[in-house]
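Everything on this sheet refers to the single structure shown next.
Chains as they are written, first to last, in the numbering used here: chain A, 1232 to 1659; chain V, 1232 to 1659; chain X, 1232 to 1659; chain B, 1232 to 1659.
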């Protein structure tokens, strides 16, 4: 229930020193933001019109950690997402130039990098080393999936004398950050743990737009353009594009809005069936008979009820999804073969191209702000929190909030209505 | 004063017919939005933490105009801006496909197109004619600057039997729209006048981000990259880039944040001086002596107090600005010549390249939503209003609100602080 | 044998009229070109240092067809390739504006478009209809694979009163053009058949660089960048990219040269084996053990001897290739699983994205020249030929020459050596 | 006279050691190339159909310099050009990885870097330092204009124990390289001087396409697109674009071919006049009266006879050109003001944006080959030469050949005819 939302942020601080970063400084007075279900997620349903109050991000007049003695560690976890290097770069630059922190360490290959048995080296992060990394996609630190024992991680933090840990990662990594935090509390350590939530699916609870999403939509849109080109290049041409979106179809929906060539958009939030009235296949047939070509976009998590699941989970603990892309490819080919109707189906899966692209200008600015604000928060001794941008306000959120559930497209929203309207699709 | 803000929207409607556009429909219940001075402009100063209530944009269950008998006209005014064609396209597509309106007219070359003595033809706007126009920058309708007599314009509207007029244009055009509206009211005509505010400078009152701005920042950022490349390509290399921004430096500020190579960013809101302590030129000299290269970004309206104005105004009634770009070019060259210090200054003015670029994916989506919502509003008989996106909510705003003043960068904001921090600039 | 090469061109012309296209005109005097095996293909082996003489393309002082009475048809066949629309556009523009031809017809969906039972409509091609098509990839005419009866096609040409037929297509289509030509000769018709050879694989005999190839390499290179980003993003990350190249590995080789991140490039011309000394898998293992990441590029026709073929052919008569991409994916995963070595393999197949991209600037210029020169050739009554660019000279080639065999990478060439050198690969 | 052309290459070598770079090796047998006046320049006029023989570039079986004891220096001179960093990178990578050279030095800020009184530091060039520089435009070494005393330069080479000097620069720099070479010969030093000719104007004698040209045309083409967008955005809109091209109009001509929106292209090789019959201004007026918009492209060196020259030369010894861009801007505005015809002229000068762009894929490959072949040539003890690509063959050319004169567009060529045909321009 949204009434339980407590956006107060925990700090480990008591003694304070002057902030060497230039002001003006932000105050601790919380700022109000209206988050409806469309923007904030299901937690906000029924609370439309009620403001939530959040702590504003930014530099404060006093900090907790003495920059001379502070050691910062950064780790990137999970799948690639545009902007990871921008966040790393911003953290390093802000800590170095605004605060004078001289000890910054990059953990290699995700949480594995903390665990001795993997034998990963660590990287010293300096301004010159990171100065151009934002021109490249991916993460220069490397990443890995899956959890590691939080005891072992905190052992490593202690061994390395780390005071501040930045965890850039997805849902699972934010849960790992929470576990690390618990272990830190248990040991009564003065280590600040700050998350910067990452998800290319844009499905983080409370956060209307996560970093990298804008870039992902850009690249996904190019794939739709290609699918459209392929579709019109053959009689009864069909372009079928599978996009990311395990539980939320934001990329598919947004790219659909961007190009206006999509005829069917299939997302996890909106169930569909194949045959019979309101089914995808007859609707596709009708489209081909009237226009000779069609474009279908499917998010990877869509239509899972149509597939027989194997019930497995991957290293990150995510359910292994059935392959809806190839399933549809087969279903469509079979359907039209039965009808003896000649089609030309092109199946496009641009996922790796989408996620490994360097951030575009919009995300570059966004990631810069996230990284800088993460440093501001950490230096004041805040912990157990993430930095996020809610409707153009940079704020602090408790770690717990963002991992509580996943944000999904509200299929009763004006947004989804406009997506459907742009496709002309009428599936039931 | 912000207390005066009345966001209720005027309509000309009484009889209503069922909306053929697909629902779910939005209701007339206003939604709350917090707009602080940073996002909404000076009108909001002192009102932080107070919500304003706005009418939500979107399709409603009943409409006023009978699609069969409705004639729509579209006009684009003022300077080019990325996304104009996207807005035109979205209006045509939505009116045609969602409402079944069959009579859409494009007015050529701005408000001139209404005036018989210019002999401009008009254009019939059909889905096939507009289907690909979003791939091109500029406006396929053409544009012009400057006002025209509102009596003459309304004469033309009557002559053409126009029921709905969409005016896409800047501050001056919104004022022209208001004048047309007054004339329409005076004649007791049933013509709906809807504005879609356009400004590449992002300086519209109440509107945190105007369409085309994201694209403009994209392209401006490329120019900064070039300026940086030129600067490091010569000993004491200086890249000086003039960007748009007559009264507000948003493009300069945002592009500065995007690339992190700018050393000095000069905007209209933040006065500066050239010589002496805290002056630009000694600070530039210090930068060159320590690093051998520098990048300066100047918004076209910056430093006007340093120039002798000629007091002229252009066809749109805007004050003719002094040429700060060439002024700085000369001042810098003179300063270092006097010091016998060899420099290599490259002056870059990418303005036409910025404004004539096709909209990027983000703006394409934005413009699509604006155009579609403009049609929704108009079909219900709303008038004397604009559609806008405030912090991710599409809403209706009274025409009067957006023309009341220009939005500027709040130089006391966290935003401007972060821009300055990214430059390291300390001018006084 | 190269000694048999006859580069003389056939014409159907006798009566001549003044050329309305602006001169200066080219003469019929053949020009010499040195084509070694690397540039021209195997036919040139042993002939290095001997010049071949070709007829130059361009406008001539007299033409054969009377523009007023000339009807032109254009057909695009086979798979998509960047630049198809540019060629169509250039033909239409040149025929219309330089010669005054007013009757231009587009055949829909390849050779199928000639055959009544497919019920495809035809398209009237006008300058306004084609003016912006070069901004889109693919072919606005549509395409199809596979041959059709040349008798039926010539029936259609007669029925439509076509005087000039432009066939834009691959190897199979050039053979179809030759068959149409034979039927035309048999019926003693005065129809000129001109080919513009298309192959994204760049494997046309005698033609060092085919249109679209430059663009394809551009896009393929982006995929390699992504593969590299993915590879360094995980410990023992492997990026495996499958590119086009059924019998010739030009795209794979050229993209490898472009980015310098490829460690292994596998093409049809250079056999390789998987296990044992000089095998791919141990070499990959060595690479991972020393550097932790690797990028592999494989042309679709590479390593076919490693696969069990099903012996099938597709609609175009091309052998159906075994799926070397997934074969390698499996082989690599199996190999390292046996070794209990944890890897992270990302498989990327960008083929549709590569081929459906609009032409880049270089190809746009190239396609323009090909299209215009095709019109020049046709209007003089030349037939049974193709236009091509050999080492920056636009010339006429007999149809027979280009279909004689496929051009392949000479693995003994300086070119292939430099590709291998850029990978550091030592497979045996 | 072309009969004097001697393409034999000088070497300083006698003792030879085995080449550690991987073969197969090229032989010293010269290869024939046909260069007509269009491709090679005026020296080739009258020699069409006669082959010239050139030494092929590439690794040879024996080298002269012992990699262990070899010191290489690289210097970049003159204006920026896409691909400079690619050439630097390729030299470093090839020398390091193929030959095992461990001592590579970058000279800062052009020839100034050799002269002690400038106090420029030098840079140690390592693979890790250069590995990503190709993603940036410009030159990471910096550059400067103007000659320096060759005695002082050779003093520096001796002081630094340099064995191989790579000079990447334009016409003036190639002459400087020749002067350095003479001084080296005079002192009987064993220093190899190899040029890699750079000119964004594409005006190097004998070289059909210089590196960076393809990229420059790409970016210039975008400016033309913007000019076209601006032109159609206003009634009687005129887009006037000034492009590089001091003595040769290749960029203007090629960009014109690429976009097909240019109505007038003005280059140094083709004189024009403003008023009267066949004049630019009446032709422009006619164009506006019939179509309402126009695009003009002018190379910076065009129409110099129309301007009063000040007779000055710049630091590189180049004649200071009159400003044809602003001259035309004024002339056009004045002409139409007199006629009382309202126009809207937008003047665009994208020069710095064009030249500071990173190399595109095509140029990246080209620059890689040039850099690698420069190393191959130098290691064999060759000197007093440049590496170049002539019609897709990488060869060695004597330094003297390329500086003899500038290559220009042959306005009697089929190439220029096709450029004019694409504009429809008929100036006399």
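All C-beta atoms in this analysis are idealised placements derived from N, C-alpha and C, irrespective of residue type, glycine included.
| Query | Result |
| --- | --- |
| Own chain, CB closer than 7 Å to residue 1275 of chain X, minus 5 neighbours either side, in chain order | 1233, 1266, 1267 and 1268 |
| Environment of residue 1517 of chain X [buried if 16+ CB atoms lie within 10 Å] | exposed |
| Three-state secondary structure (DSSP) of residue 1202 of chain A | Since the first and last residues shown for chain A are 1232 and 1659, residue 1202 of chain A lies out of range. |
| Span separating the alpha-carbon of residue 1244 of chain X from that of residue 1611 of chain X | 7 Å |
| Residue 1247 of chain B and residue 1293 of chain B closer than 9 Å at C-beta | yes |
| Span of the alpha helix (DSSP H), counted from its first residue to its last, around residue 1257 of chain A | Segment: none, residue 1257 of chain A is in no alpha helix (DSSP H) and carries neither H nor E. |
| Against chain X: residues of the segment 1301-1317 of chain V by CB proximity under 9 Å | none |
| Contact under 9 Å by Cβ, residue 1530 of chain V with residue 1497 of chain V | yes |
| Interface partners of residue 1592 of chain V on chain X, CB under 7 Å | Result: empty, since nearest Cβ-Cβ is about 16 Å, beyond 7 Å. |
| Simplified DSSP state of residue 1475 of chain B, which is helix, strand or coil | coil |
| Residue(s) in a DSSP beta bridge with residue 1628 of chain X | X:1617 |
| Touch test, the segment 1405-1415 of chain V against the segment 1373-1386 of chain V, Cβ-Cβ under 8 Å, three pairs minimum | yes |
| Residue 1309 of chain V burial status per 10 Å Cβ neighbour count (16 or more: buried) | buried |
| Close Cβ partners of residue 1585 of chain A (< 6 Å) along its chain, the five nearest in sequence each way excluded | 1447, 1450 and 1451 |
| Per-residue contacts from residue 1366 of chain A into chain B (C-beta, under 7 Å) | 1366 |
| Residue 1573 of chain V, buried or exposed, once every other Cβ within 10 Å from all chains shown has been counted against 16 | exposed |
| Those residues which DSSP pairs with residue 1241 of chain B across a bridge | B:1614 |
| Contact set between residue 1363 of chain V and chain X, taken where Cβ atoms lie within less than 7 Å | 1363 |
| Residue burial classification, residue 1347 of chain X (beta-carbon count within 10 angstroms, cutoff 16) | exposed |
| First and last residue of the uninterrupted beta strand (DSSP E) at residue 1579 of chain A | 1575-1579 |
| Opposing strand residues paired with residue 1468 of chain A [DSSP bridges] | A:1524 and A:1575 |
| Three-way DSSP call (helix, strand, coil) for residue 1637 of chain X in this model | strand |
| Chain-ordered neighbours of residue 1255 of chain X on chain B, where CB pairs are closer than 7 Å | 1643 and 1648 |
| Segment limits, beta strand (DSSP E) that includes residue 1303 of chain B | 1302-1307 |
| Neighbour flag for residue 1488 of chain V against chain A, beta carbons, 9 Å | yes |
| DSSP-derived helix/strand/coil call for residue 1389 of chain V | helix |
| Cβ contact check for the segment 1324-1337 of chain B and the segment 1249-1259 of chain B: 3 or more pairs under 8 Å | yes |
| 9 Å Cβ cutoff met for residue 1323 of chain A and residue 1290 of chain A | no |
| Neighbour flag for residue 1572 of chain X against chain B, beta carbons, 9 Å | no |
| Cβ neighbours of residue 1340 of chain A in the same chain (closer than 8 Å, five flanking residues each side left out) | 1349, 1351, 1372, 1373, 1374 and 1375 |
| C-beta neighbour in chain X for residue 1720 of chain A, strict 9 Å | With chain A running from 1232 to 1659 in the structure shown, residue 1720 of chain A is simply not present. |
| Residues that residue 1289 of chain B contacts on chain X, provided the C-beta gap is smaller than 9 Å | 1645, 1648 and 1649 |
| Residues sharing a beta bridge with residue 1293 of chain B, DSSP | B:1249 |
| C-alpha gap between residue 1568 of chain X and residue 1461 of chain X, whole angstroms | 20 Å |
| Three-state class that DSSP yields for residue 1344 of chain B in the structure shown | helix |
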